[in-house]
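One structure is given here, and the rest of the page talks about it.
Numbering (this note's numbering), first residue to last: 54 to 235.
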C-alpha cells in the first residue's frame, strides 16, 4: 500500500513539474516574441525618420506634412507600447520548483516518519494535498500571467501590421514625390 502511494505521488509530481516547465517555456517564448515586435516597430520608426530627411530635399510641402504626421503618430504609438509593456524588460522573477529541492526532502522525511507512526497515511496524505495545492497555485498564477502577456502581444502584432502599412504608404508617397517633384 505504501509503495503504491509513493508511485502515485511520483507520477503526480512528475506531471506537475512538466506542466510547470511548460508554462515557464511558454513565458520565455512570449517574451522573445514581444522583443521581436519591438524591434520591428523600431526599424519602421527609423525608416520613417529616414524618409522624413529625404522629403526635406524634395520640398513638396503637403507630402512633408503627411510624413511628419505619420512620424508623430508612430512615435506616440511606439512610446505608449514601450511604457505599457516595460515589464517585459525586467529580469525574470519566478517561483522556482524543483523535485530535488526542499519539498522533495520533506516528502522523504514524511515517508520515513509514516513507516514508524501508527497512522502513517495521514501525514503523507496531508503532505500530498498541500504540496499539490501549492504547485497548482503557482502553475495557475503563471498561466494567468501568460494569458495577459498573450493579449499584449496580439496588440503589438496589430501595431506592427499598422506600422508596416503606414511605412508602405510613406514609401509610395516618397516615390510619387520623387518622380513628379521638381
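Even for Gly, the Cβ is constructed at its ideal location relative to N, Cα and C.
- Inter-residue distance for residue 207 and residue 73 is about 24 Å (C-alpha atoms, whole angstroms).
- About 11 Å separates the Cβ atoms of residue 210 and residue 134, ruling out a contact at the 8 Å cut-off.
- Residue 63 has its alpha-carbon roughly 15 Å from the corresponding atom of residue 183.
- Rounded to whole angstroms, the separation of the alpha carbons of residue 191 and residue 115 is 56 Å.
- A straight line joining the alpha-carbon of residue 65 with that of residue 58 spans about 10 Å.
- About 6 Å separates the beta carbon of residue 227 from that of residue 107, a gap short enough to meet the 8 Å contact definition.
- Taking C-beta atoms under 8 Å as the contact rule, residue 110 and residue 117 fail to qualify, at a distance of about 10 Å.
- The criterion of a C-beta distance shorter than 8 Å is satisfied by residue 77 and residue 195.
- If you draw a straight line from the Cα of residue 197 to the Cα of residue 80, it comes to about 11 Å.
- Between residue 219 and residue 104, the CB-CB gap reaches or exceeds 8 Å.
- A straight-line Cα-Cα distance of about 10 Å links residue 186 and residue 69.
- The criterion of a C-beta distance shorter than 8 Å is not satisfied by residue 199 and residue 88.
- With a 10 Å radius around the Cβ and a threshold of 16 neighbouring Cβ atoms, residue 193 comes out exposed.
- Rounded to the nearest whole angstrom, the C-alpha separation of residue 93 and residue 60 is 50 Å.
- Going by beta carbons, residue 130 and residue 212 fall inside the 8 Å limit.
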